[in-house]
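To keep things clear, I will list the structure first and then write my remarks on it.
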Amino acid sequence: FAPSLNPGRLALRKSQPCPLKPAHLPAILSDKQHSVPAVAQQATKGISFPQLDGKGMRVGIVSTRWNAEVVNKLKDGARAGLKECQVEDSNVVEFEVPGSWELPLACRYMAQTQKVDAIIAIGVLVKGETDHYDMIKDAATDALMMLGLETGIPVLNGILGCHTMEQAEARATGDNNHGVWWGKTAIEMATLRATQMGKGPIAASGVEKKKVLF
Ligand SMILES: Nc1c(NC[C@H](O)[C@H](O)[C@H](O)CO)[nH]c(=O)[nH]c1=O
Ligand SMILES: CC(=O)[C@@H](O)COP(=O)(O)O
Numbered sequence: 016f017a018p019s020l021n022p023g024r025l026a027l028r029k030s031q032p033c034p035l036k037p038a039h040l041p042a043i044l045s046d047k048q049h050s051v052p053a054v055a056q057q058a059t060k061g062i063s064f065p066q067l068d069g070k071g072m073r074v075g076i077v078s079t080r081w082n083a084e085v086v087n088k089l090k091d092g093a094r095a096g097l098k099e100c101q102v103e104d105s106n107v108v109e110f111e112v113p114g115s116w117e118l119p120l121a122c123r124y125m126a127q128t129q130k131v132d133a134i135i136a137i138g139v140l141v142k143g144e145t146d147h148y149d150m151i152k153d154a155a156t157d158a159l160m161m162l163g164l165e166t167g168i169p170v171l172n173g174i175l176g177c178h179t180m181e182q183a184e185a186r187a188t189g190d191n192n193h194g195v196w197w198g199k200t201a202i203e204m205a206t207l208r209a210t211q212m213g214k215g216p217i218a219a220s221g222v223e224k225k226k227v228l229f
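In structure tokens form, the structure reads like this:
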């Protein structure tokens, strides 16, 4: 079992049983011997991050007003994740769109300015009575992926596709707030872009101050 790189997470979780089958243990041990109650598995889900330095990085958050209550919690999580990476509040630019369908285009407007190091798109799709959910879920997530590949700017997929509002709430709450991971993932990918492509950090370069588009 590889320990978390983030001491904070490790400290929070050290009293919980490890749900992973340690790679170095003999294969003779059955999965059953490693099984843990569902609740513990849920609590230990997630990802660890290396030490990240987002100083001087400028990050966009585009979010929906659909399912605003949960979306706002995810946004809080994303801001907290960015803060943990030393991104200054003044370097987080935010705007809203009606629904998840609108996220890719709004993110594209933001990406085209070339004044952000990463963009986090946040929305919550909850399956209703019609096929509308499936149409939006696949199209919007594909479009976000294409946008990142097309522009080279990391575009985070912060769209939750849930069958119930409870599922969405659970993923926007406490230690399971996915927004925190999205914030950190944004900085990890922006750092990769900076080191591999020599692009960014935007705020440190002062580029964003030359012409204000948003
Ligand atoms: N049902 C949900 C929507 N629907 C709205 C669409 O995203 C879009 O705004 C409309 O079709 C106009 O283009 N959006 C969500 O984000 N979440 C939903 O659960
Ligand atoms: C605009 C919508 O998202 C809506 O038409 C979806 O309807 P439903 O959630 O009942 O499938």
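This note's numbering numbers the first residue of the sequence shown as 16 and each following residue consecutively.
Every residue gets a Cβ at the ideal spot worked out from N, C-alpha and C, and that includes glycine.
Alpha carbon to alpha carbon, how far is residue j from residue i? Give it in angstroms, no decimals.
i, j, result
"residue 177", "residue 84", "15 Å"
"residue 142", "residue 79", "16 Å"
"residue 124", "residue 62", "30 Å"
"residue 154", "residue 74", "24 Å"
"residue 208", "residue 202", "10 Å"
"residue 50", "residue 215", "Any answer about residue 50 is weak, because its pLDDT of 37 lies below 50 and its placement is not dependable; what the coordinates show is given next. C-alpha separation (whole angstroms): 44 Å."
"residue 132", "residue 96", "15 Å"
"residue 112", "residue 205", "24 Å"
"residue 145", "residue 212", "43 Å"
"residue 184", "residue 110", "22 Å"
"residue 119", "residue 175", "14 Å"
"residue 136", "residue 221", "24 Å"
Quick one: give me the first and last residue of the alpha helix (DSSP H) that residue i is part of.
i, result
"residue 93", "83 to 99"
"residue 120", "118 to 127"
Which residues mark the beginning and the end of the beta strand (DSSP E) in which residue i is found?
i, result
"residue 230", "Within the shown structure, residues of the chain are numbered from 16 to 229, placing residue 230 beyond reach of any answer."
"residue 140", "133 to 141"
"residue 110", "107 to 112"
Could you tell me which of the options sits nearest to residue i, measuring between CA atoms?
i, options, result
"residue 88", "147, 220, 138, 162", "138"
"residue 67", "102, 94, 91, 144", "102"
"residue 167", "128, 184, 174, 99", "128"
"residue 69", "100, 210, 164", "100"
Complete beta strand (DSSP E) runs within the segment 162 to 222 (minimum length 3 residues, chain order): Runs of the beta strand (DSSP E) inside the segment 162 to 222: 170 to 177.
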